[in-house]
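Student:
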Amino acid sequence: MWTRKASFTFTGGIALVLIGMMISNLQMMILGLTFVAFIVVNSWISGHGEVEVQRTLSADNLYKGDDLYVELLVTNRSNRNTQLLEVYDNIPHEMKLRSGLNQMRLNLKPGESARIRYVLRCPLRGHYSIGPVSLRSRNTFNLGVDEMYVDHHSDIVIFPQIKEVEEAFLRSRTPKMYTGATTLRTPGQGSEFYSLREYVPGDPFKNINWKAFARTGELMVNEKCRDAVTDLYLLLDSRDISRIGTVLKNPLEMGTVSAASLAAFFLKRRDSVALAIFDEKLSYLPPDTGDKQYFKILSALAGVSPKGAMPLQAVTNSLSGRFSRGSPVFIISSCEGDGTVPAAVRDLVGRGHEVTVLSPSSIDFERLVSRIPRMSYEVLKLERQNRLTTLAGSGAQVIDWMPDMDLSQALMQVRGY
Amino acid sequence: MADDVGLQKDVTVGGDYRPRTLHLKLLRKQWQILALQIIATVALVGMYLEVVSTYVVGSIDHTMLFDTIEVLIGQQLPIGDFLTGEGSSGLGRFSVPLVLGLTLGGSMALLAFQTPKTQQRIKLGFIITLIVMLIGRLVVSWGFGMLTSFDLRLPDQAELSTLEWPLLMILSLMILFMYLLPVIMGTRGIWGLSRRSIAWSIGFTLLFLGIHAILAFPLINGQLGSYGDALTTVETQFTEPTIGLFGLMLVTNEQFALIMIAVLIMVFQESSYGVIRYLEYAYRLPESCKRDPEYVRQMDNVLNTHLKHTFGFLGLTGIATMVALGFHSVLLDIVEGSTGSQWAGQVSESIELSLTYGLVISALMFLSIMALLRFFVPWERVWGLVNTIRGENQAAPVAATKDVVDL
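First to last, the sequence lines map onto chains A and B.
Each number in our numbering corresponds to the 1-based position in the first sequence with 1098 added.
Each number in our numbering corresponds to the 1-based position in the second sequence with 1128 added.
1. Anything in chain B within Cβ reach of Thr-1438/A, meaning under 7 Å, just list it in chain order.
2. Which runs of the alpha helix (DSSP H) fall wholly inside the segment 1160-1248 of chain A and span at least 4 residues, in chain order?
3. Between Met-1126/A, Met-1193/A, Glu-1192/A, Val-1231/A, which lies nearest to Thr-1173/A when the distance is taken from Cα to Cα?
4. Leu-1495/B touches chain A at which residues, Cβ-Cβ below 8 Å?
5. Runs of 3 residues minimum, wholly inside the segment 1416-1455 of chain A: which ones carry the beta strand (DSSP E) assignment?
6. The beta strand (DSSP E) with Thr-1154/A in it runs from where to where?
7. Taking Cβ-Cβ distances below 7 Å as the criterion, which residues of the segment 1390-1418 of chain B are in contact with chain A?
8. Taking the alpha-carbon positions, what's the Met-1202/A to Thr-1180/A distance?
9. Kindly indicate if chain A contains any beta-carbon less than 9 Å away from that of Ala-1358/B.
10. Would you report the Cα separation of Ala-1358/A and Ile-1254/A, rounded to the nearest angstrom?
11. Can you name the residues of chain D whose CB is closer than 7 Å to the CB of Arg-1213/A?
12. Do we get a CB-CB distance below 9 Å when we pair Glu-1382/B with the residues of chain A?
13. Can you tell me which residues form a DSSP beta bridge with Gln-1495/A?
14. How about Gly-1118/A and Phe-1133/A: are their beta carbons less than 9 Å apart?
15. Is the CB of Arg-1153/A under 9 Å away from at least one CB in chain B?
16. Are any of the Cβ atoms in chain A nearer than 9 Å to that of Arg-1156/B?
17. What residues of chain B sit near Val-1115/A, judged by a beta carbon separation below 9 Å?
18. Under 8 Å between beta-carbons, which chain B residues line up against Leu-1166/A? List them in chain order, please.
19. Are the C-beta of Val-1458/B and some C-beta of chain A separated by less than 9 Å?
20. List the endpoints of the continuous alpha helix (DSSP H) containing Leu-1177/B.
21. Helix or strand or just coil, what does DSSP make of Lys-1479/A?
22. Return the residue from the list Ser-1252/A, Lys-1309/A, Tyr-1382/A, Leu-1396/A that minimises the CA-CA distance to Tyr-1161/A.
23. Under 9 Å between C-beta atoms, does Thr-1516/B make it to chain A?
24. Please report how far the alpha carbon of Gly-1242/A lies from the alpha carbon of Leu-1352/B, in whole angstroms.
25. Taking the straight line between their C-alpha atoms, what separation do you get for Tyr-1276/A and Pro-1501/A?
26. Would you list, in chain order, the members of the segment 1466-1479 of chain A that have their beta-carbon closer than 7 Å to a beta-carbon of chain B?
27. Under 9 Å, do Ala-1212/A and Glu-1422/B count as touching if we go by C-beta distance?
28. I want to verify the contact list: residues of chain B whose CB lies under 8 Å from the CB of Leu-1182/A, in sequence order.
29. For Gln-1383/B, does the count of other Cβ atoms within 10 angstroms reach 16, so buried, or fall short, so exposed?
30. As a quick exercise: from Leu-1373/A, Gly-1448/A, Gly-1401/A, pick the residue whose alpha carbon is nearest that of Arg-1423/A.
31. So Lys-1457/A and Ile-1342/A are supposed to be a Cβ contact under 8 Å. How far apart are they, rounded?
32. Lys-1436/B to Tyr-1485/B, Cα distance in whole Å?
33. With a threshold of 16 other CB atoms inside 10 Å of the CB of Tyr-1355/B, please say whether the residue is buried or exposed.
34. Between the Cα of Thr-1516/B and those of Ile-1121/A, Ala-1441/A, Ser-1105/A, Arg-1178/A, spot the shortest distance and give me the residue it belongs to.
35. Tell me the DSSP secondary structure of Lys-1274/A in three-state form.
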């Protein structure tokens, strides 16, 4: 495609030829003809040869706030020079360049490669895709430009940050709670040997007992004792109202961080952790242990976005049948705009669950983005306090979580129960 | 951008090892950049000399204007003949002024790289010198006269006559400046990295050519009387071509000079703008990229290609224009030689086809065919073949590690 410069040069050339002919001026005619000849000669070479692009990332999964190292290898696979080629790697706008640059002007000889290296800061959790790679080739005199892109994407998941949670902060009044794993003499997921049984298709190969196979000639697998663990339920409020605040600081962001941190803490103790996210619908991840569950929880939390307005009681009603008896339940919600919260909490406590409500203070988040008159703020704050007091009166442990407060600091509020 | 060149620090890793980086201070001394700037300067001088030798010398040059002014005022202008070129003949009249113009342009470029404070001081010094030169003698003699006569009065005739010399000097310098404007601004643009100055230089040249073309138009030229007769005009009636390629005569000397003007304008424009474009790109790169050997290597590739293409494509442009201008005679020869019919005879003897319209139309036809060749000749493959023959198609080893800095 012609650039503006080429269009002007060509038009100017033709105009000069015509004006030169009109006023019988040879200089103008020749100047015009030279301009046209310049365009013609330069049009012989256009575009670029076959270019191969390969992107390497330092990691596919990262935690929020981490740095991602990206290397883009551009190779000229054709038998001619690429001419002036601008390579631009498209990055999600949520990510910030920390070092290097995601573009380069290059002119690759046949077979030559160039590496573009840059570092991205990932300040927001989520599922992202880097790419495609945009290519823009120009000829030396900027008369022709061709744009295309290489459909090469690299997907990455940014998990919520994991904050350190200290054991002491989560001490419960019920000795059974949070005691970690004890083995039961029943087969299931665990670490201790239980028995041998015949191989069934679908069993993982790592469980095959090769010595038994050598001895008997039949495939046998090891069965483990089931670990008796505490089932912990995390209910995360992802309703539209949880977006109040800034992009980086809002109830939902703090909620995902706390859910991820609590899940990490309990899974490390080999407890089972379940996650329910409610927004316009309910997403439920059944309780399980291990790294796989940890990854599932982080992936689910990475993709959370504020939407919908599902009431908490609808969540507890639909999940109550799945909750293990007496298991602790963490409700992470600002408790705003939902009149069913006290009833839902009362219901859970009545069923014998130890309920902890971790409530990011949405009023204080709102203050970060808009000016609230002092009187209005005081009234709203009082209303919130009343709401939380009601929940505490229902038998739940309530944590009022301020925006500038660390998770460990917030959890200290339930210390001593 | 020019202001920042002096402010940047040299970058060294340590000891005597000084890696190549894309910092402007280092990049400006790189041979490709210097080569492009020298090419642009040579093209500028060449273009200027071609224009003045074709249209100005002996017709409307500055020495003739100085002579006219001297006759009008009845005395010599204060600026020396050695500086103006008066008394010399032909292009010799422009040799010293040209050197002066280049020096002035270079000084202005140098000034652009000084700190704002230094620039301010130099400009202030220049203005004060100019004011002192202009009215210094008048103020001193007038003030002294009033003191000695102890009288408050207006300056008398003798005192006012002290203004003559500085006014005539400034007038002479301004005339010279006007004549040398393309050279001064062009030099300032090339070495001072100023797009505006380059545009001024090219614009002024084209403006001059345009005004000259209008004044040389027979209808207007006739109205100018004796002034019109003094204007140099290039005849559109062509004589036998004397310059060509491979024994094939294509253009006349006059046409060749005009082609040279057009090609040199483009060489000057593309080289000077190219330098600014590449330095701007390097300037905008973040610090880590400036030190990245990969970026340095690619900058080398881009600059080398620009140098090659400046010679290759602009040379081809000149040749294509020459062939285009000579194409009408080829067409006429073909028609005359191939058919032998009555129509062919009429066509070959047609005066119209060998005059301006025939020439231009056949030239445009030739250029159209050249443009269409793009779709029939696989130029990319041809260049690839040329590269293969030259042994350039061996894959360059990819550096697994970087020499200096990693992210």
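C-beta atoms are modelled at their ideal positions from N, C-alpha and C, and glycine is treated no differently.
Tutor: Here's the rundown:
1. Neighbours of Thr-1438/A on chain B: none; closest Cβ ~51 Å, over 7 Å.
2. Those alpha helix (DSSP H) runs which fall completely within the segment 1160-1248 of chain A and span 4+ residues do not exist here.
3. Nearest of Met-1126/A, Met-1193/A, Glu-1192/A, Val-1231/A to Thr-1173/A, Cα basis: Val-1231/A.
4. Within 8 Å Cβ-Cβ: Leu-1131, Val-1134, Ala-1135, Val-1138.
5. Runs found: 1427-1430.
6. Run containing Thr-1154/A: 1149-1155, per the beta strand (DSSP E) assignment.
7. Within the segment 1390-1418 of chain B, the residues whose Cβ lies closer than 7 Å to some Cβ of chain A are Ala-1390, Val-1391, Met-1394, Glu-1398, Tyr-1409, Leu-1413, Pro-1414, Ser-1416, Cys-1417, listed in chain order.
8. Going from the Cα of Met-1202/A to the Cα of Thr-1180/A covers about 13 Å.
9. Not closer than 9 Å to any Cβ of chain A, the Cβ of Ala-1358/B fails to qualify, so no.
10. Using only the alpha carbons, I get a separation of about 18 Å.
11. Absent from the structure: chain D. Protein chains present are A and B.
12. Yes, because at least one Cβ of chain A sits closer than 9 Å to the Cβ of Glu-1382/B.
13. For Gln-1495/A, the beta-bridge partners assigned by DSSP are Thr-1454/A.
14. Against a cut-off of 9 Å, the Cβ pair of Phe-1133/A and Gly-1118/A comes out as no contact.
15. Contact with chain B is absent for Arg-1153/A, since none of that chain's Cβ atoms lies less than 9 Å from the residue's Cβ.
16. Taking Cβ atoms only, chain A never reaches closer than 9 Å to Arg-1156/B, which makes this a no.
17. What Val-1115/A touches in chain B: Val-1488, Ala-1491, Leu-1492.
18. Below the 8 Å Cβ cutoff, chain B contributes no neighbours of Leu-1166/A, its closest Cβ being approximately 11 Å away.
19. Not one chain A Cβ lies under 9 Å of Val-1458/B.
20. Taken as a continuous stretch (DSSP letters only), the alpha helix (DSSP H) holding Leu-1177/B covers 1159-1179.
21. In the structure shown, Lys-1479/A sits in a helix (DSSP, three-state: H, G or I).
22. Of Ser-1252/A, Lys-1309/A, Tyr-1382/A, Leu-1396/A, the residue nearest in Cα terms is Leu-1396/A.
23. Chain A contact via Cβ: present.
24. Here the C-alpha atom of Gly-1242/A lies approximately 45 Å from the C-alpha atom of Leu-1352/B.
25. Low local confidence applies: a pLDDT of 46 at Tyr-1276/A is under 50, so the model's placement there is unreliable, with the coordinate-based value given in what follows. Their Cα atoms are separated by approximately 27 Å.
26. Answer set for the segment 1466-1479 of chain A: empty.
27. Result yes, Cβ atoms of Ala-1212/A and Glu-1422/B sit closer than 9 Å.
28. Within chain B, the residues Val-1430, Thr-1433 have their CB atoms less than 8 Å from the CB of Leu-1182/A, given in chain order.
29. By the neighbour-count rule (16 or more Cβ atoms within 10 Å), Gln-1383/B is buried.
30. Nearest to Arg-1423/A by C-alpha distance, out of Leu-1373/A, Gly-1448/A, Gly-1401/A, is Gly-1448/A.
31. For the sequence presented, residue 1457/A should be read as Ser rather than Lys. Contact doesn't hold; Cβ gap of about 13 Å is too wide.
32. Cα to Cα, Lys-1436/B sits roughly 35 Å from Tyr-1485/B.
33. Under this definition Tyr-1355/B is an exposed residue.
34. Comparing Cα-Cα distances from Thr-1516/B to each of Ile-1121/A, Ala-1441/A, Ser-1105/A, Arg-1178/A, the minimum goes to Arg-1178/A.
35. Residue confidence is low: Lys-1274/A scores 42 on pLDDT, short of 50, so the model does not pin down where it sits. No coordinate-derived value is stated.
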